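Colleague: Let me begin by handing over the structure; questions about it come next.
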Amino acid sequence: MAKATPKRPTRDEFELEELGNQLVEAKDDGDERSLIVWGMPEKVRGRITVLDSRTRLVHVDDNGVTRKIPFLDIMKVNFE
Numbered sequence: 001m002a003k004a005t006p007k008r009p010t011r012d013e014f015e016l017e018e019l020g021n022q023l024v025e026a027k028d029d030g031d032e033r034s035l036i037v038w039g040m041p042e043k044v045r046g047r048i049t050v051l052d053s054r055t056r057l058v059h060v061d062d063n064g065v066t067r068k069i070p071f072l073d074i075m076k077v078n079f080e
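Just so you know, the sequence shown maps onto residues 1 to 80 in full-length UniProt numbering.
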């Protein structure tokens, strides 16, 4: 039998809107943030440079290395 993979936690519209607002604020401030991302064992740290509404990816730059993270995989934004 195939092993069941854990599913991403579901969040309501209010939680997603609040997360979106935090990401927009982080992008506008240009400050470094840490993101808790579903399925990743460690936090992702860096500056949010692009919020791509078409692909639903958040571009995070950490010392010149850009990671593209799906919006729905981001669980929390921390101000560190």
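All C-beta atoms in this analysis are idealised placements derived from N, C-alpha and C, irrespective of residue type, glycine included.
Source: prediction; values computed, not measured.
#1: Arg8 to Leu72, Cα distance in whole Å?
#2: To the nearest angstrom, how far is the alpha carbon of Leu16 from that of Lys76?
#3: For Arg47 and Lys27, I'd like the C-alpha separation in whole angstroms.
#4: From the DSSP output, in three-state form, read off Asn21 for me.
#5: What does a CB cutoff of less than 7 Å around Glu32 pick up in its chain, not counting 5 residues either side in sequence?
Modeller: Short version:
#1: In the sequence shown, counting from the first residue as 1, residue 8 sits at position 8. In the sequence shown, counting from the first residue as 1, residue 72 sits at position 72. Cα to Cα, the separation comes out at about 9 Å.
#2: Within the sequence shown, numbered from 1, the residue matching residue 16 stands at position 16. Within the sequence shown, numbered from 1, the residue matching residue 76 stands at position 76. When rounded, the distance between both Cα atoms is 10 Å.
#3: Against the sequence shown, residue 47 aligns to sequence position 47. Against the sequence shown, residue 27 aligns to sequence position 27. If you take the alpha carbons of Arg47 and Lys27, they lie about 7 Å apart.
#4: Taking the first residue of the sequence shown as position 1, residue 21 is located at position 21. DSSP, reduced to helix, strand and coil, places Asn21 within a helical segment of the structure shown.
#5: Here residue 32 corresponds to residue number 32 of the sequence shown, with the count starting at 1. So the qualifying residues of the chain are Arg45, Gly46, Arg47.
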